[in-house]
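Q: Below you will find the structure I want to go over with you.
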Amino acid sequence: MNKINLDTYAPNTWCPGCGNFAIMNAVKLVIAQLSAEGLPLEDIVLVSGIGCHGKIVDYINVNSFYSIHGRATPVAEGIKLAKPGLKVICFAGDGDAYGEGIEHLIFAAKRNIDITMVIHNNRVYGLTTGQYTPTSPLGFKGRSTPRGTVEPPINPLELMLASGATYLARGTSHGIELLKKIFKEAILHKGFSLVDVLQVCVTYFNMYEYYNKHVYELKDNNLQDFNQALNKIREWDYNHEAPIALGVFYRKEFPAFEDNFIKDRPGQADRESKISEFLNKNI
Amino acid sequence: MDELSILIGGRAGFGIDRAGGIIGRLLNRMGYHIYIYRDYPSIIRGGHTFSIIRASKNRIASHRDKIDVILALNQDTLDFHKKRLNEGCFFIFDSEQVKPQMGPNCGLGLPLGKLLKEELAPEIMRNTCIIGALTKAIGADFGILEDTLKKELAKDLDLNLKVARRGFDAARELFNFEPLQQKSLPFLTGNQALALGLIKGGLNAYISYPMTPSSPILHYLAEIGDDFGLDVIHPESEISVILMALGYAYAGKKVAVGTSGGGFCLMTEGLSLAGMAELPVVVILGQRPGPSTGLPTYSAQSDLHFALNAGQGEFARFVVAPGDAEEAYYWSAASMNISWKYQIPGIILTDKNLGEGIFNFDLMLAGEIKEEGPVLWNGESTYKRYSAAKNGVSPLAFAPSKDAVIKVNSYEHDESGITTEEPQQTKMMQEKRLRKEKYLALDLENFNTVKVHAEKESETALLCWGSNKGVCVEAARRLGLRAVQPVVLNPFGAKQFQEALAGVKKLILVENNATGQLMRLIGGYGFKVDKQIFKYDGRPFSLEELEEEVKGAIK
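Read top to bottom, the protein sequences are chains A and B.
Going letter by letter, the first sequence gives residues 392 to 674 in the numbering used here.
Going letter by letter, the second sequence gives residues 42 to 596 in the numbering used here.
Structure (structure tokens):
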């Protein structure tokens with residue numbers, strides 16, 4: 392097997408120590424693995440939103456669509472529906488996907504469309520220099536909330552479970568082996584998969600130490616059990632101090648949305664005769 | 042009689058719209074040209090709704106105030122529209138619901154409820170019953186109505202036929218409207234013509250969130266989509282609509298979206314993304330009175346500048362405003378081709394009058410147009426999604442494509458699609474994107490982008506765009522004037538426009554808005570209008586109304 396080169400010439404501009412590196416490295420390794428196992432590289436499309444995470448598509452030499460803030464999800468859905476044979480991996484930030492784009496995320500989960508969402512959840516706006524996000528803890532002091540937020544965070548995994556997601560997992564940027572495992576599973580999962588990555592922003596919200604102290608890996612949980620998944624997801628609410636479970640919470644087989652859209656397209660001559668048919672019907 | 046106008050009215054929920062369609066089809070089968078104006082409030086039940094069905098020996102695309110027959114299913118219809126009555130006008134009414142205050146010879150009252158009861162028919166069939174009466178009243182054969190109903194109604198056909206017969210038998214002949222010995226043409230809404238044009242232009246997917254007046258396109262394509270292998274999707278919002286569409290375009294599938302002003306507001310970020318990422322998408326923008334919710338079920342021409350300017354930054358776009366069903370068909374196919382040839386968004390401006398109006402459709406008049414493919418990558422050198430070609434158009438490749446890494450980007454980017462903030466690259470890419478519009482403008486010289494109608498030599502011209510075409514052309518014909526209609530509004534064909542105005546001494550502008558949006562556009566190219574006629578109450582000009590206004594303007 393030839394070693395594939397997934398690098399581009401784009402200079403990397405992430406801060407040293409940024410959690411995005413772990414996500415990128417894990418994804419590259421998974422892509423290389425999938426390619427070695429027979430998935431053609433050209434079948435992969437990466438999509439990203441806007442924010443520090445978004446640059447990831449510049450750094451990986453496969454097809455990509457660098458979208459806009461909050462809108463990576465519908466772009467990924469469109470690509471998947473247009474060409475169901477493609478593997479669509481969509482990166483988004485927490486402000487991006489859980490804030491401005493939350494409506495899209497809920498609907499993508501509801502549809503069980505076969506895309507993989509990797510959320511770079513650093514719980515702070517990085518590129519706009521440190522404001523709170525939907526998952527920042529209560530009292531978070533950011534540049535737009537200097538006296539601390541007065542709203543508690545949402546638990547995105549709880550919301551996604553309620554919305555119908557069929558694969559839900561969590562990782563951290565201090566756990567590349569686990570990231571590799573769940574990214575690969577998520578990509579291969581048929582249906583909507585989401586991996587919430589506690590990806591640390593060293594500049595505006597350095598949580599490495601906190602996470603290192605609280606994380607543990609899920610073992611032997613029943614992935615088909617909705618209630619068990621819900622309980623595990625609720626164990627830590629992104630706010631109060633609690634054990635933080637990593638790994639896969641939920642996995643379910645369910646028909647994917649795009650399965651309804653695979654059909655033959657008649658040729659142009661057929662189309663034209665059908666147009667005439669419709670016109671004649673309307674006399 | 043060269044023509045006939047029939048008004049049918051009642052409350053929303055009475056099936057007025059459908060009844061109007063049946064009457065139109067009946068007259069269409071008699072060989073006449075038809076135009077139907079539909080007026081309804083944004084209410085599911087109640088309110089007052091009516092349709093005016095106009096049949097003429099000539100091609101028409103407007104309604105008249107002068108009505109020949111009123112079909113009144115309730116008192117309101119008579120009270121609201123009696124001002125339209127003129128000498129020789131008749132009304133046919135439900136005698137159990139309507140108390141006429143006119144002379145006994147003018148009206149024909151039928152106890153619709155009683156007739157229906159005797160046939161054990163539901164109340165909704167009052168329509169069919171009164172249409173039966175109309176058929177007799179205009180001296181037509183029952184057979185024509187029978188054929189029409191057979192074609193139009195799949196459900197309860199036998200009962201409808203019985204009910205129609207009861208209405209026919211209970212009425213008497215009021216005058217004789219002779220059938221014409223000419224071939225009937227298909228009968229389409231502007232929205233259906235748009236939808237078929239998109240298909241003709243190679244549509245693979247239609248994505249839309251419901252919003253009057255473009256929802257019927259979504260409904261129609263959802264209905265017929267399987268026949269053409271279309272994906273027809275109604276996602277969570279207009280934002281999602283356009284972003285999904287851009288995903289389709291990235292994957293090489295021809296896609297269109299439809300909305301109205303409010304939805305288009307939400308789409309502007311996606312439109313701007315299409316501009317930067319150079320992704321083709323056709324947007325149907327059904328204008329209605331605004332701002333904000335405005336009058337949801339009425340019509341306006343007040344989003345021209347919004348369409349021309351929507352989205353942040355500067356980027357190429359194609360904007361076209363068809364004026365009738367043939368133009369809707371032709372230009373939606375052309376928009377699809379142009380959007381893909383230049384990898385730019387195309388916006389089709391329509392409105393309720395065009396979209397929901399019903400027209401005869403003459404494929405021969407629409408003009409020959411074929412689906413065209415985009416410029417594709419030849420597979421030779423390393424693929425660069427944004428390679429800077431002379432005309433700005435970079436060859437396309439679509440995933441999965443072996444040996445090509447296809448990167449599109451909302452950020453400023455280099456030729457490979459990798460983000461850049463470098464000043465030279467930024468300038469080069471901005472120029473590349475804008476160059477496309479210049480080449481498109483040259484290309485458009487081969488199209489009939491500015492039309493001249495009626496008395497082409499007249500020194501007085503009416504200037505109109507979009508759905509005003511029908512009424513302006515007819516008024517111009519009757520008054521011996523020229524009518525000038527720019528169809529493509531961006532890139533604007535100033536040269537063609539100048540030629541269309543050659544010899545014009547007085548230019549009278551007609552628009553369905555309050556500020557003269559076309560006037561502002563042409564003003565930017567140095568053209569001035571002499572008189573302005575604006576209407577912005579949500580209703581289209583009737584022929585008589587516009588004639589009066591124009592007579593005042595040319596005095």
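Every residue, glycine too, gets a C-beta built ideally from N, C-alpha and C.
Here the structure is a predicted model, which is why all the values come from computation and not from measurement.
1. Give the DSSP-derived three-state secondary structure of Met392 (chain A) in the structure shown.
2. Applying the 10 Å Cβ sphere with the 16-neighbour rule, what's the burial state of Glu540 (chain B)?
3. Looking only at DSSP bridge pairs, what is Gln526 (chain B) linked to?
4. Please specify which runs of the alpha helix (DSSP H), each continuous and at least 4 residues long, are wholly inside the segment 577-630 of chain A, giving them in chain order.
5. Could you give the C-beta distance for Ala60 (chain B) and Ile172 (chain B), rounded to a whole number, given that I count them as a contact under 8 Å?
6. Among B:Val361, B:Leu475, B:Glu588, which has the Cα closest to the Cα of Val528 (chain B)?
7. What are the residues that DSSP puts in a beta bridge with Thr300 (chain B)?
8. Name the DSSP bridge partner or partners of Asp80 (chain B)?
9. Give a yes or no on whether the minimum CB-CB distance between Pro321 (chain B) and chain A is below 9 Å.
10. In chain order, what are the residue ranges of uninterrupted alpha helix (DSSP H) at least 4 long that sit wholly in the segment 475-536 of chain A?
11. At 8 Å on the CB atoms, spell out the chain B contacts of Asn673 (chain A), in chain order.
12. Could you pull the DSSP bridge partners for Asp578 (chain B) from this structure?
13. Drop a sphere of 10 angstroms on the beta-carbon of Pro431 (chain A), count the other beta-carbons inside from all chains shown, and report buried for 16 or more, exposed for fewer.
14. Compute the Euclidean distance between the alpha carbons of His454 (chain B) and Gly316 (chain B), then round it to the nearest angstrom.
15. Would Leu589 (chain A) pass as an interface residue toward chain B - the criterion being a Cβ-Cβ separation below 9 Å?
16. Residue range of the alpha helix (DSSP H) that Val639 (chain A) falls in?
17. With a 10 Å radius around its C-beta and 16 neighbouring C-beta atoms as the bar for buried, classify Gly311 (chain B) as buried or exposed.
18. What does the Cβ neighbour count give for Tyr474 (chain B), buried or exposed, with the cut at 16 atoms within 10 Å?
19. Counting only beta-carbon separations shorter than 9 Å, does Ile133 (chain B) have a partner in chain A?
20. On the criterion of 16 or more Cβ atoms from any shown chain inside 10 Å, does Gln526 (chain B) qualify as buried, or is it exposed?
21. Which same chain residues, not among the five before or five after Glu590 (chain B), have their C-beta less than 7 Å away from its C-beta?
22. So, are the CB atoms of Pro276 (chain B) and Lys295 (chain B) less than 9 Å apart?
23. Sort out for me which residues DSSP pairs Pro386 (chain B) with in a bridge.
24. When you compare only the Cα positions, how much space is there between Tyr250 (chain B) and His605 (chain A)?
25. Going along chain B in order, which residues have a C-beta closer than 9 Å to the C-beta of Phe498 (chain A)?
26. Taking 9 Å as the threshold (C-beta atoms), are Ala341 (chain B) and Asp403 (chain B) in contact?
27. Do Glu44 (chain B) and Ile101 (chain B) come within 9 Å of each other at the CB atom, strictly closer than that value?
28. For the segment 553-583 of chain A, list every residue whose C-beta sits within 9 Å of some C-beta in chain B, in sequence order.
29. Mapping the DSSP letters down to three states, classify Ala502 (chain B) as helix, strand or coil.
30. Between Glu600 (chain B) and the rest of its own chain, which residues show a CB-CB distance below 6 Å, the 5 nearest in sequence each way excluded?
31. From the DSSP output, in three-state form, read off Cys406 (chain A) for me.
32. Expressed to the nearest angstrom, what Euclidean distance is found between the alpha-carbon atoms of Gln645 (chain A) and Ala438 (chain B)?
33. Strictly under 9 Å for the Cβ-Cβ distance: is Ala162 (chain B) near chain A by that measure?
34. Assuming contact is defined by CB atoms lying nearer than 9 Å, are Ile57 (chain B) and Leu175 (chain B) in contact in what I supplied?
35. Return the bridge partner residues of Lys572 (chain B) from the DSSP annotation.
36. Checking contacts by CB at 9 Å: is Tyr400 (chain A) closer than that to chain B?
A: In short, the structure shows the following:
1. Caution is warranted here: a pLDDT of 43 is assigned to Met392 (chain A), below 50, making its placement in the model unreliable, and the coordinate value is therefore given only provisionally. Coil, per DSSP.
2. exposed
3. B:Lys492
4. 599-605, 617-626
5. 6 Å
6. B:Val361
7. B:Leu326
8. B:Phe91
9. no
10. 493-502
11. Pro227, Phe228, Leu229, Gln233, Phe402
12. BP columns for Asp578 (chain B) are empty, so no partner.
13. exposed
14. 13 Å
15. no
16. Not the alpha helix (DSSP H): Val639 (chain A) falls in the beta strand (DSSP E), residues 635-642.
17. buried
18. Note that residue 474 (chain B) is Arg in the sequence shown, not Tyr. Buried.
19. no
20. buried
21. Ile574
22. no
23. B:Val322
24. 44 Å
25. Pro276, Glu277, Ser278, Ser281
26. no
27. yes
28. none
29. strand
30. Only positions 42 to 596 of chain B appear in this structure, which leaves residue 600 (chain B) out of reach.
31. coil
32. Looking at the sequence provided, one finds Phe at residue 645 (chain A) rather than Gln. Rounded to the nearest angstrom, the two C-alpha atoms are 33 Å apart.
33. no
34. no
35. B:Ile549
36. yes
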